[in-house]
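Since the structure comes first, as structure tokens, the remarks are kept for the end.
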Amino acid sequence: MAGVYDFVPAVALLPFLAFVVSLFAGEYMPKRGAEAGIIATAGSLALSVWTLLTVAGITGPATSFNENLYTWVAGGEGAVTLNFGILVDPLSALMLVIVSLIAFLVHVFSLGYMNDEGETGLPRYYAGLGLFSASMLAFVFSNNLLMAFMFFELVGLCSYLLIGFWFREAAPPSAAKKAFLVTRFGDYFFLIGVVGVFATFGTGLFAPVEGAETLASFPELAEEALAGSAEEAGVNTFGYDPGTWFTILGLLVLGGVVGKSAQFPLHTWLPDAMEGPTPVSALIHAATMVAAGVYLVARMYGFYALSPTALAVIALIGGFTALFAATMGVVKQELKQVLAYSTISQYGYMMLALGAGGYTAAVFHLTTHAVFKALLFLGAGSVIIAMHHEENMWTMGGLRDRMPVTYYTFLSGSLALAGIVPFAGFWSKDEVLFEALIHGLGSEGAIGTLLLVGYAMGLVAVFFTAFYTFRMVFLTFHGEPRTDTARDPEPVRWNVKGPLTVLGIGAATVGFINMVPVAEVTGREIDYLHKWLAHGDISVTTTEHYGELLHTFAGVDPAELGPVAPGAVSLVLALAGVGAAWKLYNVPDPEEHTDKLGGAKTVLMHNYYLDEFQVWLATGVTVPLARAADKFDQGVVDGVVNGISSVSLFGGSRFRRIQSGVVTNYATLMTLSLVLLLVVFVVAGGVV
Amino acid sequence: MAILSEFYLLLSAAVFSIGLYGILTRSNALVFLMSVELMLNAANINLVAFSFHYGNVTGQVFSLFTMALAAAEVAIGIGIVLVLYRNFEDIDVTKAATMRW
Chain E
391 MAGVYDFVPA VALLPFLAFV VSLFAGEYMP KRGAEAGIIA TAGSLALSVW
441 TLLTVAGITG PATSFNENLY TWVAGGEGAV TLNFGILVDP LSALMLVIVS
491 LIAFLVHVFS LGYMNDEGET GLPRYYAGLG LFSASMLAFV FSNNLLMAFM
541 FFELVGLCSY LLIGFWFREA APPSAAKKAF LVTRFGDYFF LIGVVGVFAT
591 FGTGLFAPVE GAETLASFPE LAEEALAGSA EEAGVNTFGY DPGTWFTILG
641 LLVLGGVVGK SAQFPLHTWL PDAMEGPTPV SALIHAATMV AAGVYLVARM
691 YGFYALSPTA LAVIALIGGF TALFAATMGV VKQELKQVLA YSTISQYGYM
741 MLALGAGGYT AAVFHLTTHA VFKALLFLGA GSVIIAMHHE ENMWTMGGLR
791 DRMPVTYYTF LSGSLALAGI VPFAGFWSKD EVLFEALIHG LGSEGAIGTL
841 LLVGYAMGLV AVFFTAFYTF RMVFLTFHGE PRTDTARDPE PVRWNVKGPL
891 TVLGIGAATV GFINMVPVAE VTGREIDYLH KWLAHGDISV TTTEHYGELL
941 HTFAGVDPAE LGPVAPGAVS LVLALAGVGA AWKLYNVPDP EEHTDKLGGA
991 KTVLMHNYYL DEFQVWLATG VTVPLARAAD KFDQGVVDGV VNGISSVSLF
1041 GGSRFRRIQS GVVTNYATLM TLSLVLLLVV FVVAGGVV
Chain R
593 MAILSEFYLL LSAAVFSIGL YGILTRSNAL VFLMSVELML NAANINLVAF
643 SFHYGNVTGQ VFSLFTMALA AAEVAIGIGI VLVLYRNFED IDVTKAATMR
693 W
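This is the structure in structure tokens:
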């Protein structure tokens, strides 16, 4: 029977087809390849929705799917087999819908941002978008770690191609290179982690594949090894204690996550990536590249839940990044820069939730963030079109009356980002903080304290988030226009307003899928996302199972606490941030209050000098080290080799002289040799 | 009275040395050929002398073979001398000092 799961590969293959078509036939299409991308992503969206409905049990009986489709390295005795396979469970079905929805809207928006602006090289652009969507979708439904890694890398490659789209200017190629290299640095650890996982477990499956014989997944094997002995589970821990070894593996894979999801200290590539076209920024930040890291942690959560150390590291990185990036967002002058730092900060929240055992909260925030951040970026794109590609907020102002659709949708996204009730971001951010708090209070020992530290940083970041968000809104849309362009902005068309409207409504309503505080107060069962992720055919990827793992192995337990009071605290903080921004910037003629920060402003404008530090690390440490190694290689290693060869070279050049070519000389030599031989025989007294 | 074997050996050594001297000092290819011939025949004298000394004809038969071989060698040698002359207009062996020209 041809069910929906037979069509799941097409979710990724359609955009891939669009990539090929745009690349080779884009020049001959009226919209330069956009048609292919729009049709393909619309198809992916339809298939994803169908998949989601099937997983929900509405359009079919089978609510999950996990099979290997293609074996590309068949391992014999004692060797690993490498497969391509598809895993569809509630998490991946949800993510497929998000990614294909955002990809579709970004394609439509690109008609307005790229085609209407008369850009050249559009087939290359749409081909890049197609490949980007395809890689991300394939990454989402990967059923093993190696396949995930491959598409993870492809996502990185596509971001490189698209960030550097305007390669004739100076900044974009350098930003693209930076994005590629920084994420590659993280992926290096990820690759070692992948090899480690295969060497340890002999499999990279995220969830067991049912078949003639059930193939176990690596989180399960790790669980068995921790519960019993490693030998029984067939796990090779290379002489380490299993707990320690799994923590090491988890942290190695986390390296890739930190790079891709732009977490401290590998976040520096993301603000620079704003050099790419704005729709690409929307795609990168909302649904693809940056989301890939967090999604990977969620995908193999059964593995991370076994290690309290890894969880604590994740939570701390997340909490710190959330606060750290939010403070930098406060002083930025360019619209997209503010959004870039908000992205880093929001992904920090997701990491905090994952580290604190709030799996559902993280997925929830990933969902809502995808919607409202795509909205904000597309809104920013709309403003940038209107302002003739001027991005400095100080040249804007008063755009509210001149572009109402953009304003109201952008406002919806901003309210969501700031976390104001009842917009999407409020529900998800509130739940992230709530989970961090209750697990921090409920867990014994160091991990509880660390989670509370993460919670505190996340809580402070709420204020900053609300402040910079509304500083951005007020500077852009309120007050008096500060330049002629802002007085008479260029109008935008349906292909910009359409995606904005869809996402604007989404940003206001997506949060209703999981209103935990309301469910708690009214006693009604409306926390749909919790239920969605809690059950499933594949029992090892459900939150029920993760809860047990967290309790048994990591010692992370929730405390008994109602969600209303913590929610109120974060809401008050968010409102305080909005209020502060209102007071300072919602005036007809705002001034740069950031100057009053003095030295702090300089530090923040320079992003805490992290870029400088990384450059110093490269030029001050790595280069001399490399130079010394080069010297050693050239001098000592090559010296020995050259020395040995020069001896025979010299000997050969001297010895060659006896080959004069004159017959008489040869005859002489032969005679003399014979005489010599005879003399030796005589002296030695015979042949023997 | 039979001549002592030592004298045959002395004769043979003298002929061989003359041949060797010719090869080492002359540069004319034809003189070379003659010198080689001298050395070969010195060896023949030795063979015959020892054959006579031990009363065994094997050495004499062997010297017949050597003479046949020497004849063949002279044929090839003369051929080489002809080619040498054709290429260099001379039969000086020291002029042909390289394998290709």
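Listed in order, the protein sequences are those of chains E and R. Reading the first sequence from the start, the letters are residues 391 to 1078 in the working numbering. Reading the second sequence from the start, the letters are residues 593 to 693 in the working numbering. Glycine included, every Cβ here is placed at the ideal spot set by N, Cα and C.
Check your understanding: Hey, Val470 of chain E and Gly624 of chain E are a contact pair by Cβ (cut 8 Å); roughly how many whole angstroms apart?
Key -> Looking up residue 470 of chain E in the first sequence gives position 80. Looking up residue 624 of chain E in the first sequence gives position 234. Wrong, their Cβ atoms sit about 12 Å apart, outside the cutoff.
**Study point:** Limits of the unbroken alpha helix (DSSP H) element including Asn456 of chain E
**Key:** Along the first sequence, one-based indexing puts residue 456 of chain E at 66. Looking at the DSSP string, Asn456 of chain E is not in any alpha helix (DSSP H); the run it does join, the beta strand (DSSP E), is Phe455 to Val463.
Exercise for review: Check the Cβ-Cβ distances between Val685 of chain R and every residue of chain E, and say whether any is below 8 Å.
Suggested key: The count along the second sequence starts at 1 and reaches residue 685 of chain R at position 93. So, interface residue.
Check your understanding: Per DSSP, which one or two residues make a beta bridge with Asn473 of chain E?
Key -> Looking up residue 473 of chain E in the first sequence gives position 83. Note: Asn473 of chain E sits in a beta bridge opposite E:Thr461.
Review point. Under a CB-based cut-off of 8 Å, is Ser1063 of chain E close to chain R?
Key: As a position in the first sequence, residue 1063 of chain E is number 673, starting the count at 1. Not an interface residue.
**Study point:** Range of the contiguous alpha helix (DSSP H) that encloses Thr627 of chain E
**Key:** For the purposes of this step, residue 627 of chain E is taken as the residue at position 237 of the first sequence. Careful: Thr627 of chain E lies outside any alpha helix (DSSP H) and carries neither H nor E.
Review point. In chain R, which residues lie with their C-beta within 7 Å of the C-beta of Val1069 of chain E?
Key: Taking the first residue of the first sequence as 1, we reach residue 1069 of chain E at position 679. Within chain R, no residue comes near Val1069 of chain E; the closest Cβ sits about 16 Å away, beyond 7 Å.
Exercise for review: Answer yes or no: does any C-beta atom of chain R fall closer than 8 Å to that of Val1072 of chain E?
Suggested key: In the first sequence, counting from the first residue as 1, residue 1072 of chain E sits at position 682. So no, Val1072 of chain E is outside the interface.
Practice item. Just confirm the distance between the C-beta atoms of Ser490 of chain E and Leu435 of chain E, as a whole number of angstroms; I'd bet it's less than 8 Å. Key: As a position in the first sequence, residue 490 of chain E is number 100, starting the count at 1. As a position in the first sequence, residue 435 of chain E is number 45, starting the count at 1. That pair is a contact at about 4 Å.
Check your understanding: When you compare each of E:Thr453, E:Asn533 and E:Gly666 to Tyr550 of chain E by their alpha carbons, which one comes out closest?
Key -> Position 160 of the first sequence holds residue 550 of chain E. The option with the nearest alpha carbon to Tyr550 of chain E is E:Gly666.
Practice item. Indicate the three-state DSSP secondary structure (helix, strand or coil) for Asn976 of chain E in the structure shown. Key: Within the first sequence, numbered from 1, the residue matching residue 976 of chain E stands at position 586. Correct three-state label for Asn976 of chain E: coil.
Review point. Any idea if Glu825 of chain E is buried or exposed, counting beta-carbon neighbours within 10 angstroms, 16 or more meaning buried?
Key: As a first step, residue 825 of chain E must be located in the first sequence, where it is residue number 435. Buried.
Check your understanding: In chain E, which residues lie with their C-beta within 8 Å of the C-beta of Ala689 of chain R?
Key -> Here residue 689 of chain R refers to the residue found at position 97 when the second sequence is read from its first residue. Here the neighbours are Ser1050, Gly1051 and Val1052.
Check your understanding: Going by Cα to Cα distance, which pick from E:Ser564, E:Asp506, E:Thr942 and E:Gly601 is closest to Phe455 of chain E?
Key -> The sequence position of residue 455 of chain E within the first sequence is 65, counting from 1. Here the closest residue by C-alpha is E:Gly601.
Check your understanding: Can the beta-carbon of Ala806 of chain E be found less than 8 Å from the beta-carbon of Phe800 of chain E?
Key -> Walking along the first sequence from the start, residue 806 of chain E turns up at place 416. Walking along the first sequence from the start, residue 800 of chain E turns up at place 410. Result no, Cβ atoms of Ala806 of chain E and Phe800 of chain E do not sit closer than 8 Å.
Check your understanding: So Phe580 of chain E and Gly475 of chain E are in contact, right, with Cβ under 8 Å, and what is the actual spacing, rounded?
Key -> As a working note, residue 580 of chain E is residue 190 in the first sequence. As a working note, residue 475 of chain E is residue 85 in the first sequence. Not confirmed; about 19 Å, so no contact.
Review point. Since Gly520 of chain E is in the alpha helix (DSSP H), which residue starts that stretch and which ends it?
Key: Counted from its first residue, the first sequence places residue 520 of chain E at position 130. Segment Leu512 to Val530, the alpha helix (DSSP H) holding Gly520 of chain E.
Check your understanding: Quick one, are the C-beta atoms of Ile903 of chain E and Asp479 of chain E less than 8 Å apart?
Key -> As a first step, residue 903 of chain E is located in the first sequence; it is residue number 513 there, counting from the start. As a first step, residue 479 of chain E is located in the first sequence; it is residue number 89 there, counting from the start. No. Outside cutoff.
Review point. Just how far apart, CA to CA, sit Val607 of chain R and Ile1034 of chain E?
Key: The residue labelled residue 607 of chain R in the question sits at position 15 within the second sequence. The residue labelled residue 1034 of chain E in the question sits at position 644 within the first sequence. Straight-line Cα distance between these residues: approximately 49 Å.
Practice item. With a floor of 3 residues, list each beta strand (DSSP E) that falls wholly inside the stretch 779-862 of chain E, ordered by position along the chain. Key: none
Review point. Can you tell me the Cα-Cα spacing of Met391 of chain E and Tyr845 of chain E, whole angstroms?
Key: Along the first sequence, read from residue 1 onward, the residue named residue 391 of chain E stands at position 1. Along the first sequence, read from residue 1 onward, the residue named residue 845 of chain E stands at position 455. Confidence at Met391 of chain E is low in this model, with a pLDDT of 41, below 50, so its placement is unreliable and no value can be given for it.
Practice item. Helix, strand or coil for Asn679 of chain R, going by three-state DSSP, please let me know. Key: Mapped onto the second sequence, residue 679 of chain R falls at position 87. Of the three classes helix, strand and coil, the one that applies to Asn679 of chain R here is helix, per DSSP.
**Study point:** Nonlocal neighbours in the same chain, by C-beta distance under 7 Å from Ala400 of chain E, ignoring five residues either side
**Key:** The residue you call residue 400 of chain E lines up with position 10 of the first sequence. Same-chain partners within the cutoff: Leu437.
Practice item. May I have a chain-ordered list of the alpha helix (DSSP H) segments no shorter than 4 residues that lie completely inside the stretch 393-430 of chain E? Key: 398-415
Check your understanding: Helix, strand or coil: how does DSSP classify Val882 of chain E here?
Key -> Position 492 of the first sequence, counted from the first residue, corresponds to residue 882 of chain E. In this structure, Val882 of chain E counts as coil in the three-state DSSP scheme.
Check your understanding: Among E:Gly809, E:Val439, E:Gly518 and E:Gly952, which residue has its Cα nearest to the Cα of Pro405 of chain E?
Key -> Taking the first sequence and counting its residues from 1, the one referred to as residue 405 of chain E is at position 15. It is E:Gly518 whose Cα lies nearest to the Cα of Pro405 of chain E.
Review point. In terms of residues, what are the limits of the alpha helix (DSSP H) holding Ser735 of chain E?
Key: Walking along the first sequence from the start, residue 735 of chain E turns up at place 345. Here the alpha helix (DSSP H) through Ser735 of chain E covers Leu725 to Gly745.
**Study point:** Coarse secondary structure for Asn533 of chain E, derived from DSSP in three states
**Key:** Within the first sequence, the letter at position 143 stands for residue 533 of chain E. Residue state, collapsed to three classes: coil.
Practice item. Using a threshold of 8 Å, state whether the C-beta atoms of Glu915 of chain E and Ala909 of chain E are closer than that. Key: Translated into the one-based positions of the first sequence, residue 915 of chain E becomes position 525. Translated into the one-based positions of the first sequence, residue 909 of chain E becomes position 519. Result yes, Cβ atoms of Glu915 of chain E and Ala909 of chain E sit closer than 8 Å.
Check your understanding: At what residues does the alpha helix (DSSP H) containing Ser597 of chain R begin and finish?
Key -> Within the second sequence, residue 597 of chain R is the residue found at index 5, counting from 1. Ser597 to Thr617 is the extent of the alpha helix (DSSP H) around Ser597 of chain R.
Exercise for review: Would you kindly check if the distance between the Cβ of Leu544 of chain E and the Cβ of Leu472 of chain E is under 8 Å?
Suggested key: As a first step, residue 472 of chain E must be located in the first sequence, where it is residue number 82. As a first step, residue 544 of chain E must be located in the first sequence, where it is residue number 154. In this structure, Leu544 of chain E does not lie closer than 8 Å to Leu472 of chain E by Cβ.
Exercise for review: Identify the continuous alpha helix (DSSP H) that holds Val1007 of chain E and give its terminal residues.
Suggested key: Walking along the first sequence from the start, residue 1007 of chain E turns up at place 617. According to the sequence displayed, residue 1007 of chain E carries Leu and not Val. Element bounds for Leu1007 of chain E: n/a, residue is neither H nor E.
Exercise for review: Use the C-beta contact count for Thr733 of chain E: other C-beta atoms within 10 angstroms, 16 or more gives buried, fewer gives exposed.
Suggested key: In the first sequence, residue 733 of chain E corresponds to position 343, counting from 1. Buried, since its Cβ has 16 or more Cβ neighbours within 10 Å.
Check your understanding: By DSSP, does Leu571 of chain E sit in helix, in strand, or in coil?
Key -> As a working mapping, residue 571 of chain E is identified with position 181 in the first sequence. The answer is helix: DSSP assigns Leu571 of chain E an H, G or I state.
Exercise for review: Under 6 Å Cβ to Cβ from Gly957 of chain E, same chain only, skipping five residues before and after it: list those, please.
Suggested key: Counting from 1 along the first sequence, the entry for residue 957 of chain E is found at position 567. So the list reads Asp820 and Pro907, once near-sequence residues are dropped.
Exercise for review: For Ser619 of chain R, go through chain E and note every residue whose CB falls closer than 8 Å to its CB, in chain order.
Suggested key: As a first step, residue 619 of chain R is located in the second sequence; it is residue number 27 there, counting from the start. Correct list: Thr1054.
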